[in-house]
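Notes to accompany the following structure.
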Amino acid sequence: MRELRIHGRGGQGSVTAAELIAVAAFAGGVYAQAFPAFGVERRGAPVQAFVRLSDETIRLRSQVYEPDYIIVQDSTLIRDVNVFAGMKPGGIAIVNTEKSGGYEAPEGVRIITIDATKIALEEIGLPITNTALMGAFAAATGEIDFSALEDAIRGRFEGKLADTNIRSAQRAFEMVKGGNA
Amino acid sequence: MVDKSIENFECGHRACGGCGAATAVRMILKGAGEDVIVVSPTGCLEVFTTPYPETAWKVPWIHSLFENAAAVASGIEASLKRQGRSEKVLVIGGDGATVDIGMLCLSGAFERNHDITYICYDNEAYMNTGIQRSGATPFDASTSTSPAGSCSMGNKHAKKDVPAILAAHGSPYVATASLSYPTDLMKKVETAVNTPGATYIQIHAPCCTGWGFEGDQTVAVGKLAIETGLWVNYEMVDGVLRKAKKVKRKPVEEYLSVQKRFRHLFKPKRNEEEIAKIQAIADANAAKFGIDI
Amino acid sequence: MPLNIGCTARPGRGRDNKTGSWRVFYPIFTEETCTGCEICVLLCPEGCIEKKGEKKYVPDLDYCKGCGLCAEECPGDAITMEKEEK
Amino acid sequence: MKEILEGSHAVAEAVRLCRPQVVSAYPITPQTHIVEALASMVADCKLDAEYICVESEFSALSACIGASTAGSRTYSATTSQGLALMYEVCFNAAGMRLPIVMTIANRAMSAPLSIWNDQQDSISLRDSGWIQLYAEDNQEALDLHLLAYRVCEDHDILLPAFVCFDGFILSHTYEPVDMPTQEEVDAYLPAFNPYQRLDAKDPISFGMYATPDYYMEFRYENQRAMLRAKEAIVRYGTLFKEQFGRDYSGLIEGYELEDAEIALVAMGSICGTVKDAIDEMRKDGIKVGLLKIRCFRPFPDEEIAAALAHVKTVAILDKNVSLGSKGAVGLEIKDALYGSSIAVYDYILGLGGRDIRKKDIRAITKLAEQGSGDMFYGLREELL
Numbered sequence: 001m002r003e004l005r006i007h008g009r010g011g012q013g014s015v016t017a018a019e020l021i022a023v024a025a026f027a028g029g030v031y032a033q034a035f036p037a038f039g040v041e042r043r044g045a046p047v048q049a050f051v052r053l054s055d056e057t058i059r060l061r062s063q064v065y066e067p068d069y070i071i072v073q074d075s076t077l078i079r080d081v082n083v084f085a086g087m088k089p090g091g092i093a094i095v096n097t098e099k100s101g102g103y104e105a106p107e108g109v110r111i112i113t114i115d116a117t118k119i120a121l122e123e124i125g126l127p128i129t130n131t132a133l134m135g136a137f138a139a140a141t142g143e144i145d146f147s148a149l150e151d152a153i154r155g156r157f158e159g160k161l162a163d164t165n166i167r168s169a170q171r172a173f174e175m176v177k178g179g180n181a
Numbered sequence: 001m002v003d004k005s006i007e008n009f010e011c012g013h014r015a016c017g018g019c020g021a022a023t024a025v026r027m028i029l030k031g032a033g034e035d036v037i038v039v040s041p042t043g044c045l046e047v048f049t050t051p052y053p054e055t056a057w058k059v060p061w062i063h064s065l066f067e068n069a070a071a072v073a074s075g076i077e078a079s080l081k082r083q084g085r086s087e088k089v090l091v092i093g094g095d096g097a098t099v100d101i102g103m104l105c106l107s108g109a110f111e112r113n114h115d116i117t118y119i120c121y122d123n124e125a126y127m128n129t130g131i132q133r134s135g136a137t138p139f140d141a142s143t144s145t146s147p148a149g150s151c152s153m154g155n156k157h158a159k160k161d162v163p164a165i166l167a168a169h170g171s172p173y174v175a176t177a178s179l180s181y182p183t184d185l186m187k188k189v190e191t192a193v194n195t196p197g198a199t200y201i202q203i204h205a206p207c208c209t210g211w212g213f214e215g216d217q218t219v220a221v222g223k224l225a226i227e228t229g230l231w232v233n234y235e236m237v238d239g240v241l242r243k244a245k246k247v248k249r250k251p252v253e254e255y256l257s258v259q260k261r262f263r264h265l266f267k268p269k270r271n272e273e274e275i276a277k278i279q280a281i282a283d284a285n286a287a288k289f290g291i292d293i
Numbered sequence: 001m002p003l004n005i006g007c008t009a010r011p012g013r014g015r016d017n018k019t020g021s022w023r024v025f026y027p028i029f030t031e032e033t034c035t036g037c038e039i040c041v042l043l044c045p046e047g048c049i050e051k052k053g054e055k056k057y058v059p060d061l062d063y064c065k066g067c068g069l070c071a072e073e074c075p076g077d078a079i080t081m082e083k084e085e086k
Numbered sequence: 001m002k003e004i005l006e007g008s009h010a011v012a013e014a015v016r017l018c019r020p021q022v023v024s025a026y027p028i029t030p031q032t033h034i035v036e037a038l039a040s041m042v043a044d045c046k047l048d049a050e051y052i053c054v055e056s057e058f059s060a061l062s063a064c065i066g067a068s069t070a071g072s073r074t075y076s077a078t079t080s081q082g083l084a085l086m087y088e089v090c091f092n093a094a095g096m097r098l099p100i101v102m103t104i105a106n107r108a109m110s111a112p113l114s115i116w117n118d119q120q121d122s123i124s125l126r127d128s129g130w131i132q133l134y135a136e137d138n139q140e141a142l143d144l145h146l147l148a149y150r151v152c153e154d155h156d157i158l159l160p161a162f163v164c165f166d167g168f169i170l171s172h173t174y175e176p177v178d179m180p181t182q183e184e185v186d187a188y189l190p191a192f193n194p195y196q197r198l199d200a201k202d203p204i205s206f207g208m209y210a211t212p213d214y215y216m217e218f219r220y221e222n223q224r225a226m227l228r229a230k231e232a233i234v235r236y237g238t239l240f241k242e243q244f245g246r247d248y249s250g251l252i253e254g255y256e257l258e259d260a261e262i263a264l265v266a267m268g269s270i271c272g273t274v275k276d277a278i279d280e281m282r283k284d285g286i287k288v289g290l291l292k293i294r295c296f297r298p299f300p301d302e303e304i305a306a307a308l309a310h311v312k313t314v315a316i317l318d319k320n321v322s323l324g325s326k327g328a329v330g331l332e333i334k335d336a337l338y339g340s341s342i343a344v345y346d347y348i349l350g351l352g353g354r355d356i357r358k359k360d361i362r363a364i365t366k367l368a369e370q371g372s373g374d375m376f377y378g379l380r381e382e383l384l
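Okay, here's the thing in structure tokens:
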């Protein structure tokens with residue numbers, strides 16, 4: 001079983017990201033579970049969402065404490081939240097930042113930085129970073145196919161909004177695949 | 001046209017001799033017609049009509065709780081609508097269930113404008129539990145929880161104006177009536193039941209036991225309420241006052257003095273100041289509704 | 001007789017309770033002064049006054065509680081209340 | 001067909017497939033997504049029902065009483081404070097023998113205010129006369145709605161039911177479920193056939209009062225219907241298994257219980273975590289198993305006594321507490337095992353959304369082995 005923890009701020013679509021990754025993984029024949037860290041946080045507050053992926057039925061219901069993967073929607077979170085807490089060796093951290101690195105992660109954790117905000121602003125016209133980060137996650141982990149992610153995004157958003165979000169995800173996907181992130 | 005021959009209220013019920021509510025309900029059922037479902041909240045009416053297995057109701061009838069009659073009626077109306085059925089939904093409840101504890105459900109049902117008619121038989125206190133005050137108890141009435149005493153003149157508050165509250169909800173038809181004017185009462189029920197949407201009638205229903213008069217005086221006391229201006233029969237259509245019964249007004253003491261609940265205004269000595277306050281209420285009613293001939 | 005599920009009843013047994021036993025005074029109807037207005041029929045809280053013929057109204061004494069409302073409101077003073085004596 | 005969706009939406013779909021004619025509900029976290037989804041279905045003509053936007057939970061269930069007596073299949077959903085506001089109406093609906101089905105997205109009770117999960121809300125209504133079913137996952141939550149309507153509407157039963165699933169932990173979780181088709185559900189659940197109804201052509205008085213000459217007999221009949229519901233749940237659960245392949249033929253379920261020396265007893269979503277923890281403990285040679293209670297009312301006391309007869313120790317995981325006594329499940333189990341020599345320990349845990357991990361299950365198992373129990377587990381000692 002692989003576990004993903006998404007760190008974001010209220011309003012950034014962390015829960016949606018978790019759900020769409022689960023939907024995409026399920027489409028690929030994997031058993032998936034996605035859920036938020038249930039809270040009363042409002043816009044701007046640090047929030048978390050979780051995904052579990054497995055070849056077997058997932059029964060575990062606790063939150064994710066030792067993730068294989070993390071997504072950090074906003075690198076400013078790193079100041080106040082220990083986003084790398086409990087990460088497994090060999091894990092992958094995808095961080096949205098304009099910087100190229102310099103984060104202290106546990107031993108053996110691979111950090112992929114990507115300027116998802118820039119991509120989102122250019123493709124969607126809004127700082128909606130979650131779809132770009134889903135694309136980066138797909139490329140970095142191989143857990144989900146891009147076409148499945150595309151379908152998942154299209155299943156959630158309509159028309160032009162779906163198109164621009166898919167473009168955003170695609171760009172991030174290709175950047176990470178090409179090692180340009 | 002009201003069919004006065006309709007008799008859907010069975011003998012054998014356990015109301016007090018001379019009960020205003022029982023008399024009013026017989027008239028209500030004539031005005032409502034045969035194709036009707038009645039909802040009653042907990043109260044005197046419910047208790048005196050339905051000790052298992054003896055029911056006084058010859059129309060379909062349901063009691064659920066004290067404060068939820070309007071919500072139960074909402075559900076019945078929704079169900080009938082879904083089934084394409086024609087029955088009218090009629091709530092008949094006392095003033096406690098209506099103006100106090102059931103106000104939330106009542107407000108909700110009227111805001112949603114279910115096609116129901118809610119009738120409050122107003123006997124101006126909680127008669128079922130032993131004559132405690134309600135939000136409909138008139139000023140200065142002595143009840144078991146607003147007793148007159150050496151430093152109390154009885155109920156300190158004026159009647160809550162529920163007809164106005166429900167008219168403000170946008171009810172297409174709100175009326176008041178009195179059992180002492182049966183033709184008017186039955187016609188208003190017929191109008192309310194046949195008006196689409198949530199309609200309301202508040203019926204003045206004197207209670208011989210609770211108010212303190214002999215059972216043969218029920219209608220006479222009801223008439224005095226109208227004649228003194230302490231109760232006004234009127235109709236509001238879409239929130240606009242249409243019609244109020246005009247009277248040549250008598251002094252309020254003619255109404256007050258025949259009821260034990262106001263006895264403290266006259267004994268041990270006549271309290272001019274308090275009687276004047278009640279006269280002022282009647283005067284205000286007369287001015288508001290333009291009832292003076 | 002087994003209980004009705006949910007504590008329900010069909011009409012019928014309401015009349016089992018003979019409220020005539022509550023009565024201290026009983027009404028006497030006089031045809032001569034009756035106007036046939038039927039206000040007594042309408043106002044009776046029991047609904048126990050029946051029309052049996054022209055100006056002939058009869059209270060069902062199984063149910064009449066003797067409240068006297070009919071007598072009080074009769075415009076022709078055609079109803080009087082008498083004490084039950086045995 | 002298997003699909004992945006949020007638990008609340010899985011429940012809403014299940015409700016839609018059951019064809020309720022009147023839905024009456026008031027939104028409250030974490031139940032909101034269910035009633036929002038149903039409102040959307042009605043707005044899009046995917047559900048042919050009257051949806052009453054009531055002004056409170058009290059009215060929500062009251063309107064269901066009206067609609068049910070008028071002859072419609074009805075549905076509502078609530079949780080926590082909303083259920084507490086319905087308290088009086090719950091007893092009333094059960095006493096009137098109305099087959100209303102209501103989802104409870106389990107949540108803690110105030111004060112202090114908590115929107116998070118435990119099972120205090122529905123447990124506190126244990127005496128109200130509602131059947132109470134608890135779901136381990138969203139598939140079970142979905143399926144139990146079909147089962148509940150089938151059982152409740154049986155004219156030999158005529159009782160209302162809570163289908164309980166843990167708020168947030170299940171209600172807000174995306175996971176795959178096998179969604180039955182309308183044809184399949186129609187084949188399982190016949191159209192609503194009211195036992196009696198409000199009808200001008202055949203007037204009946206509902207909700208009469210009972211004098212001391214009758215009241216006890218009505219309560220006894222209610223109790224008998226509840227006890228008959230045990231058999232009905234097994235029967236319709238078996239029918240469900242035959243039709244859908246998923247086994248709800250038991251009021252309880254065992255996991256690694258046959259040779260277990262220690263039995264954990266739990267209800268709801270915690271069972272999944274417990275099963276994973278058991279797998280780990282089994283690898284370490286600990287003979288531990290799970291007894292999962294799916295049906296808390298009627299309480300399967302005899303079934304539980306039989307299932308636990310061979311164990312040495314029982315540890316009950318209670319997501320509730322009867323303040324001044326113990327956890328409600330613990331009390332019931334102690335009653336069911338009365339007279340046996342089995343050591344029974346109760347653990348109050350997970351209140352107000354406190355997360356429960358596999359390591360907690362291991363720790364509780366250890367406590368039970370050591371003979372230490374009847375306690376709150378996982379308290380933050382530094383706060384006390």
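Chains as they are written, first to last, in the UniProt record's numbering: chain F, 1 to 181; chain H, 1 to 293; chain G, 1 to 86; chain W, 1 to 384. For every residue, glycine included, the Cβ atom is placed at its ideal position computed from N, Cα and C. All values derive from a computational prediction rather than experimental measurement.
Exposed or buried, what is residue i when buried is set at 16 or more other beta-carbons lying within 10 Å of its beta-carbon?
i	result
residue 216(W)	exposed
residue 52(G)	exposed
residue 24(G)	exposed
residue 50(H)	buried
residue 247(W)	exposed
residue 325(W)	exposed
residue 1(W)	exposed
residue 1(F)	exposed
residue 96(F)	buried
residue 86(W)	buried
residue 6(G)	buried
Closest Cβ-Cβ distance between residue i and chain F: below 8 Å?
i	result
residue 316(W)	no
residue 115(W)	yes
When you compare the CB of residue i with every CB in chain W, is at least one pair closer than 8 Å?
i	result
residue 6(G)	yes
residue 58(H)	yes
residue 81(H)	yes
residue 62(F)	yes
Contact criterion: CB-CB distance below 8 Å. Does residue i meet it with respect to chain G?
i	result
residue 153(W)	no
What distance in whole Å lies between the Cβ atoms of residue j and residue i, which are believed to be in contact at a cut-off of 8 Å?
i	j	result
residue 69(G)	residue 218(H)	6 Å
residue 142(W)	residue 226(W)	Actually they do not touch by this definition, with Cβ atoms about 24 Å apart.
residue 134(F)	residue 60(F)	About 23 Å; that fails the 8 Å criterion.
Does any CB atom of chain H fall closer than 8 Å to the CB of residue i?
i	result
residue 9(G)	yes
residue 71(G)	yes
residue 24(W)	yes
residue 16(G)	yes
Does the beta carbon of residue i come closer than 8 Å to any beta carbon on chain B?
i	result
residue 21(W)	Here the protein chains are F, H, G and W, and chain B is not one of them.
So does residue i have its beta carbon nearer than 7 Å to some heavy atom of the ligand NAP?
i	result
residue 249(W)	Ligands displayed in this structure: none; no statement on the ligand NAP is therefore possible.
Quiz item: Is the stretch 27-34 of chain F touching the stretch 83-100 of chain F, taking contact as three or more C-beta pairs under 8 Å?
Solution: In short, these stretches do not touch, since the Cβ pair count stays below three.
Self-check item: Inter-stretch contact at 8 Å, needing at least 3 Cβ pairs: the stretch 184-195 of chain W / the stretch 32-50 of chain F
Solution: The answer is no - the stretch 32-50 of chain F does not touch the stretch 184-195 of chain W, with fewer than three Cβ pairs under 8 Å.
Quiz item: Fully enclosed by the stretch 4-72 of chain F, which alpha helix (DSSP H) runs are 4 residues long or longer?
Solution: Restricting attention to alpha helix (DSSP H) runs no shorter than 4 residues, the stretch 4-72 of chain F encloses them at 14-27, ordered along the chain.
Self-check item: Contiguous beta strand (DSSP E) assignments of at least 3 residues, all confined to the stretch 166-244 of chain H
Solution: Listed in chain order, the complete beta strand (DSSP E) runs (minimum 3 residues) inside the stretch 166-244 of chain H are 173-178, 199-204, 234-237 and 240-244.
Self-check item: Length at least 3, wholly inside the stretch 22-110 of chain H: the beta strand (DSSP E) runs in chain order
Solution: With a minimum length of 3 residues, the continuous beta strand (DSSP E) runs that stay inside the stretch 22-110 of chain H are 36-40, 61-63 and 88-94.
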